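Protein chains in written order, with our numbering: chain A, 322 to 838; chain B, 43 to 196.
Note that the Cβ used here is the ideal one computed from N, Cα and C, for glycine as well.
Since this is a predicted model, take the numbers as computed values, not measurements.
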Amino acid sequence: MTRVFISKDMASVALGADAVAQAFAKAGCEVVRTGSHGLFAIEPLVEVETSEGRVAYGPVGPDDVAAVLDGSHGTRIGAIADHPFFVRQQRFTFARCGVTDPLSLSDYGVHGGWKGLEAATALSAQDVVDAVKASGLRGRGGAGFPTGIKWQTVLDTPADEKFIVCNADEGDSGTFADRMLMEGDPYCLIEGMAIAGHAVGAGRGYIYIRSEYPFAIEAMREAIARSASRIAPFTLEVRVGAGAYVCGEETALLDSIEGKRGQVRAKPPLPAIEGLWGKPTVINNVLSLAAVPFILAEGAQSYADVGFGRSRGTMPIQIAGNVRNGGLYEVGFGVTLGELVNGIGGGTASGRPVRAVQVGGPLGAYFPPSMFHLPFDYEAFAQAGGLIGHAGITVFDDSVDMAHMARFAMEFCAVESCGKCTPCRIGSTRGVELIDRIVAKAPRAAGALETMPQIRNASRAARTHDEEVELLRDLCDTMKHGSLCALGGFTPYPVLSALDHFPEDFGGGDALREAAE
Amino acid sequence: MTDIAGIQTAIDRFMQSDMRGALLPLLHALQEEFGHVDPAAVPLIADALNLSRAEVHGVISFYHDFRTEPPARHVVKLCRAESCQSRGGAAIEAQLSHQLGVAMGHSRKDGQVALEPVYCLGLCAIGPNALVDDRPVARIDSARVVAIANEVEA
Chain A
322 MTRVFISKDM
332 ASVALGADAV
342 AQAFAKAGCE
352 VVRTGSHGLF
362 AIEPLVEVET
372 SEGRVAYGPV
382 GPDDVAAVLD
392 GSHGTRIGAI
402 ADHPFFVRQQ
412 RFTFARCGVT
422 DPLSLSDYGV
432 HGGWKGLEAA
442 TALSAQDVVD
452 AVKASGLRGR
462 GGAGFPTGIK
472 WQTVLDTPAD
482 EKFIVCNADE
492 GDSGTFADRM
502 LMEGDPYCLI
512 EGMAIAGHAV
522 GAGRGYIYIR
532 SEYPFAIEAM
542 REAIARSASR
552 IAPFTLEVRV
562 GAGAYVCGEE
572 TALLDSIEGK
582 RGQVRAKPPL
592 PAIEGLWGKP
602 TVINNVLSLA
612 AVPFILAEGA
622 QSYADVGFGR
632 SRGTMPIQIA
642 GNVRNGGLYE
652 VGFGVTLGEL
662 VNGIGGGTAS
672 GRPVRAVQVG
682 GPLGAYFPPS
692 MFHLPFDYEA
702 FAQAGGLIGH
712 AGITVFDDSV
722 DMAHMARFAM
732 EFCAVESCGK
742 CTPCRIGSTR
752 GVELIDRIVA
762 KAPRAAGALE
772 TMPQIRNASR
782 AARTHDEEVE
792 LLRDLCDTMK
802 HGSLCALGGF
812 TPYPVLSALD
822 HFPEDFGGGD
832 ALREAAE
Chain B
43 MTDIAGIQTA
53 IDRFMQSDMR
63 GALLPLLHAL
73 QEEFGHVDPA
83 AVPLIADALN
93 LSRAEVHGVI
103 SFYHDFRTEP
113 PARHVVKLCR
123 AESCQSRGGA
133 AIEAQLSHQL
143 GVAMGHSRKD
153 GQVALEPVYC
163 LGLCAIGPNA
173 LVDDRPVARI
183 DSARVVAIAN
193 EVEA
């Protein structure tokens, strides 16, 4: 019987993989459902097992079964590792994704699984923390805080119980690496969390997954049930979010697990000292925890050998939006933005010129092609007025209206604000109004109060366009420095970068000069 | 007619698991079973978890997922986030809204279909995307809009 491998990743299913799998099963093949390799232009992808290894075809429809099985199908790729999209990748974290049956414990063991946990349990807690420190691993959720230092704090804080919390509330548009890993290699995350538990002395872990990821929730729950004895006495539980973006912020996430409104806590105290239920808690992103098994199994040095500057190791970069070859691209830090968008991504899907890319989700900056020389690195992006965040890149073609995108950033912040701090709660709504007035070239007239004779220190004239733009910058400054968390604090990044790099979309240029006269 | 006894039975069943921080999982369980979280359930939940009614109400109203009224027979959740916008999501939203005869964020009066916004399904390279009754649909174009509309009318 011929064995074929077809992804059951949510993206592949959305593109029709279920119907393809049924067609192959009906033709008498043994169908193994895997995770996705991560290039969506070739999904649904079918890999046929032959004596020379797996031969890939994609995209494949349910009517193509016979042509694929006799090798005559036109979309023959050959070995997937030789495909141009995959050939230069460095798959440390995603090595098994797309290759194995995600829920098969024997597949996981055969492909190097549990080696990291075995290595860790042979070491003392401090040695494990030292290995993570030496690897240079930084938090993959966006902030880039050194993971080993966070773990050290939890290890050093005495308590009767400690927790490992995995932040799988991947709400940023343009990102899907957490989802792909949880669906395609759930045991990798489980192993990483078990190692973290051993390293800091925590007995229980929670994985907080957003409700928009039903496939990931199911995969993780099943994987936890199957691997319970392997990670014992460490125990794990999935908690499901309820559609609140702000719960991706770590302290809001902790409140949500505790059964409260997902409101941000003031820091300090840090979660590492007073986290879940007031106990010392390691809270890390899926990709941070999933990088740990490799570090323990292969040695911290082999992870640290890859990378750029202070950004060590690999980053699973997600190329998304209006792009021809969108997908997951895991590679060492240092690759340039232009290489990712034009070289690997192949430019826009619409065939029109690239006008802007947003890096790091809804709170990341927009960059024009003139900045495509930037290397993918935490510090380089911060210096350029942006962030790499969770490493999602959303590509826009020249039909995009950047003032509209800036307005959307404010609107999104207003919808998703938890309401705890004023700059975010009210500033975002005022930001929407302000951008509306700027775009409509309808600056605010002087208010009734301002024109009263008793008021001497307020301007009595209507605002000019320049003054409205200045006010928007001022508002962004207030939000950036006055907000409790990254939602209000980073919303200015897309707004200001759109304003700085694409002023023409804000009624700038001629309109600005007219207003100044 | 609110099924108070049924809700109480569901709460009692859930409470046997003795879970820490049980409010969100309990609300999910109730919504799964009854389709929505009836406001009449609030005092029962509060009593079971030793919380105030205000705390329970606050959590229900905070999270977008929790409904206090029965849902439409079919729910189409269309992504409105940046990646889908970059692939023509706004035009698809207008077409879908027109085709279904319901504004974004609302249920149609006959209770047949609701069109709800969602901010990212994690399928960002193959948008515009939607969940049609929890089934993911990608690369939505004009033809798929019509197919979705036909599907939910059935």
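Tell me, which residues are paired with Met636/A by DSSP? The residue given as residue 636/A occupies position 315 in the first sequence. Its beta-bridge partners are Val652/A.
Under 7 Å between C-beta atoms of Lys483/A and Ala520/A: Locating residue 483/A in the first sequence gives position 162, where the first residue counts as 1. Locating residue 520/A in the first sequence gives position 199, where the first residue counts as 1. No.
In whole angstroms, give me the CA-to-CA distance for Gln73/B and Ala83/B. Counted from its first residue, the second sequence places residue 73/B at position 31. Counted from its first residue, the second sequence places residue 83/B at position 41. Those two C-alpha atoms are separated by around 11 Å.
Answer yes or no: does any C-beta atom of chain A fall closer than 7 Å to that of Gly100/B? The residue given as residue 100/B occupies position 58 in the second sequence. Yes, contact with chain A.
Given a limit of 8 Å on CB to CB distance, which residues of the stretch 59 to 89 of chain B reach chain A? Arg62, Gly63, Ala64, Leu65, Leu66, Pro67, Leu69, His70
Who does Tyr699/A pair with in a DSSP beta bridge? As a position in the first sequence, residue 699/A is number 378, starting the count at 1. According to DSSP, Tyr699/A bridges with nothing at all.
Beta strand (DSSP E) runs contained entirely in the stretch 732 to 819 of chain A, provided each spans 3 or more residues: none
Could you tell me whether the Cβ of Val179/B comes closer than 7 Å to any Cβ of chain A? Taking the second sequence and counting its residues from 1, the one referred to as residue 179/B is at position 137. Closer than 7 Å: yes.
By the three-class DSSP mapping on this structure, what secondary structure does Phe857/A have? What is shown of chain A runs 322 to 838, which leaves residue 857/A out entirely.
Residues near Ser139/B by beta carbon distance below 8 Å, same chain, minus five either side: As a first step, residue 139/B is located in the second sequence; it is residue number 97 there, counting from the start. Within the same chain, Ser139/B has close Cβ partners Ala145, Met146, Leu157.
Report the residue ranges of all beta strand (DSSP E) runs contained in full by the stretch 61 to 127 of chain B; include only those spanning at least 3 residues, in chain order. 116 to 121
Could you give the first and the last residue of the continuous beta strand (DSSP E) run that contains Glu491/A? Residue 491/A sits at position 170 when you count from the first residue of the first sequence. That residue, Glu491/A, is in no beta strand (DSSP E); it is neither H nor E in DSSP.
So with Cβ pairs under 7 Å, would you call Gly495/A a contact of chain B? Numbered from 1 along the first sequence, position 174 holds the residue referred to as residue 495/A. True, the Cβ-Cβ gap to chain B drops below 7 Å.
Under 9 Å (Cβ pairs) to chain A, residues found in the stretch 158 to 171 of chain B: Pro159, Val160, Tyr161, Cys162, Leu163, Gly164, Leu165, Cys166, Ala167, Ile168, Gly169, Asn171
So with CB distances below 8 Å, who are the chain A contacts of His106/B? Taking the first residue of the second sequence as position 1, residue 106/B is located at position 64. Within 8 Å Cβ-Cβ: Ala563, Gly564, Ala565.
Using only CA atoms, which one of Arg586/A, Leu390/A, Asp330/A, Ala625/A lies nearest to Leu853/A? A query on residue 853/A cannot be resolved here, the shown segment of chain A reaching from 322 to 838 and no further.
Inter-residue spacing [alpha-carbon to alpha-carbon] between Glu838/A and His786/A: For the purposes of this step, residue 838/A is taken as residue 517 along the first sequence, with counting starting at 1. For the purposes of this step, residue 786/A is taken as residue 465 along the first sequence, with counting starting at 1. Unreliable placement is indicated for Glu838/A, whose pLDDT of 39 sits below 50; the coordinate value is still reported in the next sentence. Between Glu838/A and His786/A, the C-alpha separation is close to 11 Å.
Per-residue DSSP class, three states only, for Ile168/B: In the second sequence, counting from the first residue as 1, residue 168/B sits at position 126. Three-state result, Ile168/B: coil.
Any contact of the stretch 120 to 140 of chain B with the stretch 598 to 618 of chain A, i.e. 3+ C-beta pairs under 8 Å? no
Burial state of Ala342/A, where buried means 16 or more other Cβ atoms lie within 10 Å: Locating residue 342/A in the first sequence gives position 21, where the first residue counts as 1. Counting Cβ neighbours within 10 Å, Ala342/A comes out buried, since at least 16 surround it.
Could you work out which residues of chain A lie near Asp176/B, taking near to mean beta carbons separated by less than 7 Å? Here residue 176/B refers to the residue found at position 134 when the second sequence is read from its first residue. Per Cβ cutoff of 7 Å: Pro535.
Using three-state DSSP, classify Asn643/A as helix, strand or coil. What you label residue 643/A is simply residue 322 of the first sequence in a count that begins at 1. Coil.
Quickly, what does DSSP pair Pro467/A with across the bridge? List them, please. Position 146 of the first sequence holds residue 467/A. According to DSSP, Pro467/A bridges with Arg459/A.
Own chain, CB closer than 6 Å to Phe413/A, minus 5 neighbours either side, in chain order: Taking the first sequence and counting its residues from 1, the one referred to as residue 413/A is at position 92. Excluding positions up to five away in sequence, the list reads Phe615, Thr635.
Label Pro813/A either buried or exposed according to how many other C-beta atoms from any shown protein chain fall within 10 Å of its C-beta, with 16 as the threshold for buried. For this step, residue 813/A is matched to residue 492 along the first sequence. With 16 or more Cβ atoms within 10 Å of its Cβ, Pro813/A is classed as buried.
Let me know the secondary structure DSSP gives Gly374/A once reduced to three states. Residue 374/A sits at position 53 when you count from the first residue of the first sequence. If DSSP states are grouped into helix, strand and coil, Gly374/A belongs with the strands.
For Pro85/B, which option in Glu75/B, His116/B, His78/B, Ala96/B has the closest C-alpha, if you only look at C-alpha atoms? Residue 85/B sits at position 43 when you count from the first residue of the second sequence. Taking only the C-alpha atoms, the option nearest Pro85/B is Ala96/B.
Simplified DSSP assignment, three categories, for Val353/A: Position 32 of the first sequence, counted from the start, is the residue given in the question as residue 353/A. Three-state result, Val353/A: strand.
Spatial neighbours of Gln50/B within its chain, please: C-beta separation below 6 Å, excluding the five flanking residues on both sides. For the purposes of this step, residue 50/B is identified with residue 8 of the second sequence, where counting begins at 1. Cβ within range, chain order: Leu86.
Check the Cβ-Cβ distances between Ala145/B and every residue of chain A, and say whether any is below 7 Å. For this step, residue 145/B is matched to residue 103 along the second sequence. Not an interface residue.
Contact criterion: CB-CB distance below 7 Å. Does Glu193/B meet it with respect to chain A? As a first step, residue 193/B must be located in the second sequence, where it is residue number 151. Judged by the 7 Å Cβ criterion, Glu193/B is not in contact with chain A.
For the stretch 478 to 498 of chain A against the stretch 163 to 178 of chain B, do three or more pairs of beta-carbon atoms, one drawn from each stretch, fall closer than 8 Å, so that the two count as touching? yes
What residue range is occupied by the uninterrupted beta strand (DSSP E) comprising Asn605/A? Within the first sequence, residue 605/A is the residue found at index 284, counting from 1. Per DSSP, Asn605/A belongs to the beta strand (DSSP E) from 602 to 606.
Which residues in chain B have a C-beta closer than 7 Å to the C-beta of Val341/A? List them in chain order. For the purposes of this step, residue 341/A is taken as residue 20 along the first sequence, with counting starting at 1. In chain order: nothing, as chain B lies at least about 14 Å away.
Thinking C-alpha only, which one of Gly740/A, Ser577/A, Val449/A, Ala515/A is nearest Ser532/A? Working through the first sequence from its first residue, we reach residue 532/A at position 211. Checking every option, the nearest Cα to that of Ser532/A belongs to Ser577/A.
Look at the Cβ atom of Leu608/A, then the Cβ atom of Arg461/A, and state whether they are nearer than 7 Å. Numbered from 1 along the first sequence, position 287 holds the residue referred to as residue 608/A. Numbered from 1 along the first sequence, position 140 holds the residue referred to as residue 461/A. For Leu608/A and Arg461/A, yes; Cβs fall inside 7 Å.
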